[in-house]
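*Asks:* Here it is, the structure in full.
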Amino acid sequence: MAEKYIISIDQSTQGTKALLFDESGSLLKRTDKSHEQIINEKGWVSHDPAEIYQNTVEVIKRLVEESGIQKEKVVGLGISNQRETTLAWDKLTGEPIGHAIVWQCARATEICERVEHKGEAENIRRKTGINLSPYFPASKLAWILENVEGAKAKADKGEICHGTVDSWLVYRLTGGKSYKTDYSNASRTQLFNIFDLKWDEEICGLFGIDPANLAEVVDSDSNFGETDVEGLFPKPIPIHGVLGDSHGSLFGQGCLKSGMIKSTYGTGSSIMMNIGEKPVLSTHGVVTSLAWSMSGKVNYVLEGNLNYTGATITWLKDDLKLIASPAETEKLAREAVSDDSLYLIPAFSGLGAPYWDSRAAAAIVGMTRTTGKAEVVRAGVECIAYQITDIVKAMSEDAGVTVSELRVDGGPTKNAYLMQFQSDIARACVQVPDSEELSGIGPAYAAGLALGVWDEKIFEKLKRIKYEPKMDEQLRDRKYQGWLSAVQRILTK
């Protein structure tokens with residue numbers, strides 16, 4: 016039996032997973048538990064921080080008990096988290112102050128508009144790398160301080176902690192001894208200066224936030240404190256790797272060098288490119304963040320997010336009733352008329368990166384007499400690859416590098432038609448790993464590296480299926496130009 020184990024927590028929007036890795040880096044077992052999605056009549060989306068913490072403790076305990084391992088051989092813990100979800104708690108008691116505001120929730124829109132009216136939007140982008148938006152924690156924290164009873168009074172007395180889910184879990188798991196966040200999560204708050212690498216006092220002031228109440232920012236692979244997980248372990252173990260979930264996926268994919276890029280295919284998609292130790296502010300519609308800081312060395316990323324990738328397939332299934340399950344899409348895509356020039360543009364909530372047109376409306380463009388069910392389904396599959404290619408090209412131009420390889424993960428990567436089409440349209444080798452748990456693998460690898468359980472050869476652990484470009488160049492160019500023309504038809508600006 017392996018002598019050392021690493022546990023990784025993947026705390027996501029829908030639930031919390033615990034993953035067990037042995038000293039060879041093999042994933043041995045997973046346990047998980049969902050938490051309530053609290054949605055009110057205004058459409059505000061919230062989570063209960065206490066429920067998330069209790070679920071975290073529960074899945075760790077079940078993981079250890081059901082696997083039958085010896086508790087004393089667990090040597091470290093890593094954490095990845097849903098990134099922009101924002102919460103506050105009492106510094107003295109550790110009790111939550113209200114519910115967490117989920118990243119999807121736009122209740123702080125008016126606060127962003129207030130800041131924008133002061134003419135500060137571009138200043139914020141130049142310092143933080145990201146566009147002013149209620150998506151990010153800055154305005155969410157301001158909303159909590161302005162609207163949750165008692166929050167402002169506690170903040171004024173320095174009796175409040177507030178931030179992202181990683182800092183909440185670290186605080187509770189360490190019994191309130193550690194109040195820390197890592198560079199990847201800090202860079203997504205819209206309060207962190209990614210050039211000076213510190214909380215920006217001017218921006219904090221715009222949102223009415225005292226930086227003294229924010230967590231200490233430390234390396235992603237540093238020791239965040241120790242935990243016995245409420246008495247589970249005979250002696251406390253160190254929390255040694257913390258990363259936002261998309262950053263965890265980038266690290267788990269082994270994208271450690273400048274120019275390496277990954278795409279996560281889920282309900283939406285996160286495309287990230289490692290751009291090395293020097294930041295580049297995008298001029299092509301994507302954002303700049305920190306990848307991580309490991310052993311005192313910071314890496315930056317370009318990132319683009321899409322709202323409708325896997326969600327487009329869900330729309331085909333639940334709303335149009337064209338398929339009974341996502342598994343049917345591959346067969347239908349192969350059956351579609353090969354010359355059909357149909358494009359589906361899934362701008363159901365506008366277009367995000369790299370177009371940023373919130374008023375754009377979804378459309379199906381290019382129907383002919385041969386257009387039928389199979390053609391519409393194939394267009395729904397292909398629009399995923401087209402959207403991701405748009406972002407890959409934008410990043411390539413910003414970073415001045417040619418992308419020859421795209422590392423991918425997520426449920427839709429099981430679709431071989433989509434993966435081959437992605438390779439053809441992006442003109443890149445698409446690599447699909449043999450594990451779906453990349454956001455949890457990243458912090459596990461970070462923890463194991465920091466603790467000396469393994470070395471960087473661990474990144475060779477994942478086996479990959481590779482798709483190489485096969486499409487005729489003229490056909491590829493015609494198809495992609497057709498996509499760009501179709502998008503132009505729905506843009507409002």
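At position 406 of the sequence shown (counting the first as 1) the number is 421 in the numbering used here, and the numbers step up by one without a gap.
In this text, a Cβ means the ideal position worked out from N, Cα and C, and glycines have one as well.
From a predicted model like this one, the values you see are computed outputs, not experimental measurements.
#1: Exposed or buried, what is Q29 when buried is set at 16 or more other beta-carbons lying within 10 Å of its beta-carbon?
#2: Would you call the stretch 90 to 108 in contact with the stretch 146 to 164, where contact means no fewer than 3 C-beta pairs closer than 8 angstroms?
#3: Looking at C-beta atoms only, is the number of pairs between the stretch 175 to 195 and the stretch 101 to 115 that lie closer than 8 angstroms three or more?
#4: Take I21 as the anchor and find which of V79, K48, S61 and G497 has the nearest alpha-carbon.
#5: If distances are taken between C-alpha atoms only, which option among S450, D405, K408 and I276 comes closest to G426?
#6: When you compare only the Cα positions, how much space is there between K213 and S235?
#7: Would P253 pass as a contact of G463 if the rule is Cβ separation under 9 angstroms?
#8: Report the three-state DSSP secondary structure of R479 (helix, strand or coil).
#9: Can you grab the Cα-Cα spacing for the pair P64 / C120, in whole Å?
#10: Among the residues of its own chain, which have a CB less than 7 angstroms from the CB of W498, if the five just before and after it don't count?
#11: Going by DSSP in three states, Q97 sits in which element: helix, strand or coil?
#12: Kindly provide the ranges of any beta strand (DSSP E) runs that are 3 or more residues long and lie completely inside the stretch 167 to 234, ordered along the chain.
#13: If the criterion is Cβ atoms closer than 9 angstroms, does the pair H255 and A461 meet it?
#14: Do the CB positions of V257 and N289 come within less than 9 angstroms of each other?
#15: Go to Q437, then tell me how far its beta strand (DSSP E) extends in each direction, as first and last residue.
#16: Just to confirm the assignment, what range does the beta strand (DSSP E) spanning I159 have?
#17: Closer than 6 angstroms by C-beta to L523: which residues in its own chain qualify, once you throw out the five before and the five after it? Chain order, please.
#18: Taking the straight line between their C-alpha atoms, what separation do you get for L347 and C176?
#19: Of all the options G274, W469 and E217, which has the alpha carbon lying nearest to the alpha carbon of K133?
#20: Ordered along the chain, which non-local residues of its own chain (more than five positions away) have a Cβ less than 6 angstroms from that of S419?
#21: Under the three-state reduction of DSSP, which class applies to G246: helix, strand or coil?
#22: Which whole-angstrom value describes the C-beta separation of I112 and V163, a residue pair presumed to lie in contact below a C-beta threshold of 8 angstroms?
#23: Given a cut-off of 9 angstroms, decide if S193 and A457 are closer than it, judged by their beta-carbon atoms.
#24: Do T31 and E81 have their beta-carbon atoms positioned less than 9 angstroms apart in this structure?
#25: Determine the DSSP secondary structure at K508, reduced to helix, strand or coil.
#26: Locate the beta strand (DSSP E) running through A123, then write down its first and last residues.
#27: CA-CA distance, A339 and R393?
#28: DSSP three-state call for K46: helix, strand or coil?
#29: Within 10 angstroms of its Cβ, does L35 collect 16 or more other Cβ (buried), or is it exposed?
#30: Pull up the distance between the alpha-carbon of E397 and that of L433, whole angstroms please.
#31: Using DSSP's beta-bridge definition, name the partner residues of L421.
#32: Is the stretch 473 to 487 close to the stretch 357 to 376, with three or more CB pairs under 8 angstroms?
#33: Just how far apart, CA to CA, sit A115 and T196?
#34: Is A157 closer than 9 angstroms to A123 when the C-beta atoms are compared?
#35: Which term fits S500, buried or exposed, when burial requires 16 or more other beta carbons within 10 angstroms of its beta carbon?
#36: In three-state DSSP terms, what is S41?
*Replies:* Concretely, from the data shown:
#1: Q29 is exposed by the Cβ-count criterion.
#2: Verdict: yes, contact present.
#3: Yes, they touch.
#4: Measuring from the Cα of I21, the nearest candidate turns out to be V79.
#5: Closest option to G426, Cα to Cα, is S450.
#6: Going by the C-alpha atoms only, they are around 15 angstroms apart.
#7: Cβ distance not < 9 angstroms, so P253 and G463 don't count as in contact.
#8: Assignment of R479 by DSSP, reduced to helix, strand and coil, places it in the strand class.
#9: Using only the alpha carbons, I get a separation of about 16 angstroms.
#10: Hits under 7 angstroms: Y358 and Y401.
#11: Three-state DSSP puts Q97 in coil, outside helix and strand.
#12: The stretch 167 to 234 contains these whole beta strand (DSSP E) runs: 175 to 179, 195 to 197 and 231 to 233.
#13: Yes; because the gap between Cβ atoms is below 9 angstroms, this pair is in contact.
#14: With contacts defined as CB atoms closer than 9 angstroms, V257 and N289 fail to qualify as a contacting pair.
#15: Counting along the chain, Q437 sits inside no beta strand (DSSP E); it lies in the alpha helix (DSSP H) bounded by residues A431 to A441.
#16: Counting along the chain, no beta strand (DSSP E) covers I159; the unbroken alpha helix (DSSP H) around it starts and ends at P152 to N162.
#17: Any question about residue 523 goes unanswered here, given that the chain covers just 16 to 508.
#18: Distance between the alpha carbons of L347 and C176: 52 angstroms.
#19: Per the Cα distances, E217.
#20: Closer than 6 angstroms at Cβ, skipping near neighbours: A443.
#21: In the structure shown, G246 sits in coil (DSSP, three-state: anything other than H, G, I, E or B).
#22: Between V163 and I112 the Cβ distance is about 6 angstroms, and since that is below 8 angstroms, they are a contact.
#23: The residue you asked about is not Ala; residue 457 is Gly in the sequence shown. No, Cβ-Cβ distance for G457 and S193 is not below 9 angstroms.
#24: If you check the CB distance, E81 and T31 do not come in under 9 angstroms.
#25: Secondary structure of K508 (DSSP, three-state): coil.
#26: Run containing A123: none; DSSP gives neither H nor E here.
#27: If I take the Cα positions, the gap works out to 15 angstroms.
#28: The amino acid at residue 46 is misidentified as Lys; the sequence shows Thr. Correct three-state label for T46: strand.
#29: L35 should be labelled buried.
#30: E397 and L433: Cα-Cα distance of roughly 7 angstroms.
#31: Paired residues: V445.
#32: In short, these stretches do not touch, since the Cβ pair count stays below three.
#33: Computed Cα separation, rounded: 17 angstroms.
#34: A contact, by the Cβ cut-off of 9 angstroms.
#35: With fewer than 16 Cβ atoms within 10 Å of its Cβ, S500 is classed as exposed.
#36: Three-state result, S41: coil.
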